[in-house]
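Okay, so here's the structure we're looking at.
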Amino acid sequence: MNAPARVTFRIRRFDPVRQSPPSWEDFEIPAVAGMTVLDGLRTIKETLAPTLAWRSSCRMGVCGSCGMFINGHPRLACNTQIAELGSGPVTVAPLPNFDTIRDLVPDLRPMFDKHAALSPYIIRDDHDEMYEPTGEYGQTPEELEEFLQFTYCIKCGCCMAACPTCATDPVYSGPMPLGQAHRYNADSRDGGFTTRKTALAGDQGPWRCHYAGECSRACPKGVDPARAIQLMKRQLVFDYLRLYSQPCPAGVVTPAPASARRPDVPEAPAPTVDVSRARTSPSC
Amino acid sequence: MRDQRLWTWHVAAGLVVLVTLALHMAIMHLDALLGLFNPAGGHPIDWANVAARSRQGFFLVSYVVLLGAALFHGLYGLRTILHELGPGPALRRGVDVTLLAGGGVLFVFGAWAAWAAFALARTV
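First to last, the sequence lines map onto chains W and P. Counted from 1, the first sequence has number 156 at position 157 by numbering that gives the first Met the number 0; the numbering is strictly sequential. Counted from 1, the second sequence has number 88 at position 89 by numbering that gives the first Met the number 0; the numbering is strictly sequential.
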């Protein structure tokens with residue numbers, strides 16, 4: 000019987016309590032078929048290094064928690080099999096362009112602060128309809144295609160780690176927040192372009208993007224934030240030239256008279272937000 | 000709003016540079032094929048050809064437009080690079096003022112040179 004193959008993990012360790020510079024540590028563990036980098040990290044934590052820290056949750060490329068710098072590329076640890084990394088050691092470090100909290104845990108707060116600053120949600124005037132809906136907002140398949148791919152973003156931060164502009168410019172919002180701002184600007188149900196423009200037209204906007212395209216290459220979900228940024232630039236340039244005005248947000252589709260609610264579909268839960276504090280956007 | 004405005008002008012200036020530079024290349028390097036604006040024949044930078052072009056108002060305007068567009072396009076690009084080096088707000092402001100002042104001086108000097116050539120060519 001053959002001895003099980005072994006794989007070496009070279010992991011960058013950092014302990015904020017000790018305040019010592021980050022260092023590299025090697026761990027050799029048995030490799031099994033189908034083993035992901037996340038599986039390897041779990042094995043190391045269980046058998047060799049119980050203090051090893053990282054962030055993960057779903058184990059299937061959905062939650063976006065386990066973004067790491069694996070063999071020189073930002074990837075999801077749960078989505079990367081060690082077999083696809085070649086025969087050398089598996090090098091794992093925290094995502095670059097972020098501060099490190101501990102070991103493989105990046106501080107993603109700046110990214111989410113920039114994300115929140117660009118109002119990444121549907122903004123409309125009709126608050127009553129939004130919080131006490133009487134129907135669905137109409138949207139054609141073509142209108143959906145305008146932004147659908149950008150909804151697949153899981154906010155893992157891989158694009159931010161790959162972006163050369165994020166590496167040097169702390170003011171630049173970065174591909175994830177900008178891609179998500181465009182996702183809502185391009186949504187036919189949204190009327191918030193004017194609100195978002197206050198931030199996008201300034202330093203936080205897409206103007207520092209050099210179209211290196213590394214964000215799109217790094218995205219584990221196949222999203223193309225570089226495209227979103229170029230489309231956003233075009234939209235903002237046309238807006239400055241008075242050649243663009245956002246169309247009125249889609250209205251509610253009136254249900255067909257004969258249609259009735261299916262008895263097995265439950266009612267929507269009661270609102271959990273304070274409707275009176277909802278933000279407004281200019282009337283269409 | 001500021002960056003939206005500057006970027007739009009940056010793109011517009013790039014287009015102007017593209018057109019005026021294409022005209023320059025056509026006159027200077029395709030003279031054997033096109034023979035544009037070289038009434039005396041020979042080389043495009045022979046004195047007679049230069050003087051003939053310089054006394055035309057069209058060239059005075061196109062030189063100044065090319066100068067302005069190239070200066071704005073190039074200095075805005077330089078500003079972007081310098082801002083990406085991560086200076087603080089005060090230094091960013093300093094970069095902006097320096098580039099604006101430098102660009103203004105270069106534009107005035109270049110425009111004066113184009114006007115002086117125009118005026119000189121009209122006398123000969």
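Where a beta carbon is used, it is the ideal one built from N, C-alpha and C, also for glycine.
Would the beta-carbon of residue i fall within 8 Å of that of residue j?
i, j, result
"Gln148 (chain W)", "Val222 (chain W)", "yes"
"Cys284 (chain W)", "Cys218 (chain W)", "Outside the shown range of chain W (0 to 283) lies residue 284 (chain W), about which nothing can therefore be said."
"Phe68 (chain W)", "Ala160 (chain W)", "yes"
"Cys77 (chain W)", "Thr35 (chain W)", "yes"
"Ala50 (chain P)", "Leu35 (chain P)", "no"
"Leu117 (chain W)", "Leu199 (chain W)", "yes"
"Leu65 (chain P)", "Val10 (chain P)", "no"
"Glu27 (chain W)", "Arg5 (chain W)", "yes"
"Thr19 (chain P)", "Ala89 (chain P)", "no"
"Thr99 (chain W)", "Gly85 (chain P)", "no"
"Phe8 (chain W)", "Pro88 (chain W)", "yes"
"Arg101 (chain W)", "Asp14 (chain W)", "yes"
"Thr79 (chain P)", "Arg207 (chain W)", "yes"
"Arg182 (chain W)", "Phe146 (chain W)", "yes"
"Phe120 (chain W)", "Pro270 (chain W)", "Before going further, note that residue 120 (chain W) is Tyr rather than Phe in the sequence given. In this structure, Pro270 (chain W) does not lie closer than 8 Å to Tyr120 (chain W) by Cβ."
"Ala12 (chain P)", "Val63 (chain P)", "no"
"Ala39 (chain P)", "Asp30 (chain P)", "no"
"Cys162 (chain W)", "Cys214 (chain W)", "yes"
"Ile81 (chain W)", "Gly134 (chain W)", "no"
"Leu37 (chain W)", "Cys65 (chain W)", "yes"
Going along the chain, which residues of its own chain have a beta-carbon closer than 7 Å to the beta-carbon of residue i, five neighbours each way excluded?
i, result
"Cys152 (chain W)", "Met175, Gly178, Gln179, Lys220, Val222"
"Met0 (chain W)", "Unreliable positioning characterises Met0 (chain W) in this predicted model, as indicated by a pLDDT of 44, which lies under 50. A coordinate reading is not provided."
"Arg74 (chain W)", "Met67, Cys157, Pro219"
"Arg121 (chain P)", "Arg54"
"Arg52 (chain P)", "Phe36, Phe58"
"Gly85 (chain W)", "none"
"Trp8 (chain P)", "Phe71"
"Leu105 (chain P)", "Leu70"
"Leu5 (chain P)", "Tyr75"
"Glu128 (chain W)", "Val251"
Give me, in chain order, the residues of the same chain whose beta-carbon lies closer than 6 Å to that of residue i; leave out the 5 immediate sequence neighbours on both sides.
i, result
"Asp2 (chain P)", "none"
"Ala92 (chain W)", "Arg11, Phe68"
"Gln245 (chain W)", "Phe192"
"Ser172 (chain W)", "Lys113, Gln203"
"Asn184 (chain W)", "Phe192"
"Val170 (chain W)", "Asp202"
"Ile228 (chain W)", "Leu177, Pro205, Cys208"
For residue i, I'd like the list of residues in its chain whose CB is within less than 8 Å of its CB, leaving aside the five on either flank, ordered along the chain.
i, result
"Ala249 (chain W)", "Tyr136, Gly137, Gln138, Glu142, Ser187, Arg188"
"Ala112 (chain P)", "none"
"Pro262 (chain W)", "none"
"Pro132 (chain W)", "Val251, Ala267"
"Leu51 (chain W)", "Ile10, Arg12, Leu40, Ile43, Lys44, Asp102, Leu103"
"Val272 (chain W)", "Tyr130"
"Gly71 (chain W)", "Thr90"
Please report the Cβ distance between residue i and residue j, rounded to the nearest whole angstrom; I am assuming they are in contact, meaning their Cβ atoms lie under 8 Å.
i, j, result
"Leu125 (chain P)", "Gly102 (chain P)", "Residue 125 (chain P) is absent from the model: chain P starts at 0 and stops at 123."
Cβ pair count under 8 Å reaching 3, the region 249-265 of chain W against the region 104-116 of chain W
no
Any residues in the region 157-170 of chain W with a beta carbon nearer than 7 Å to a beta carbon of chain P? Which ones, in chain order?
Thr164, Thr167, Asp168, Pro169
| chain W contacts from the region 47-75 of chain P (Cβ-Cβ distance under 7 Å) | none
**Q.** chain P contacts made by the region 199-212 of chain W, where a contact means CB separation under 7 Å
**A.** Ala200, Gly201, Asp202, Gly204, Trp206, Arg207
Beta carbons nearer than 7 Å to chain W: which residues of the region 1-35 of chain P have them?
Arg1, Asp2, Gln3, Arg4, Trp6, Thr7, Val10
Residues within the region 79-90 of chain P neighbouring chain W, beta-carbon criterion of under 9 Å
Thr79, His82, Glu83, Leu84, Gly85
Taking a cut of 8 Å between CB atoms, which residues from the region 227-257 of chain W lie near chain P? Lys232, Leu235, Val236, Asp238, Tyr239, Leu240
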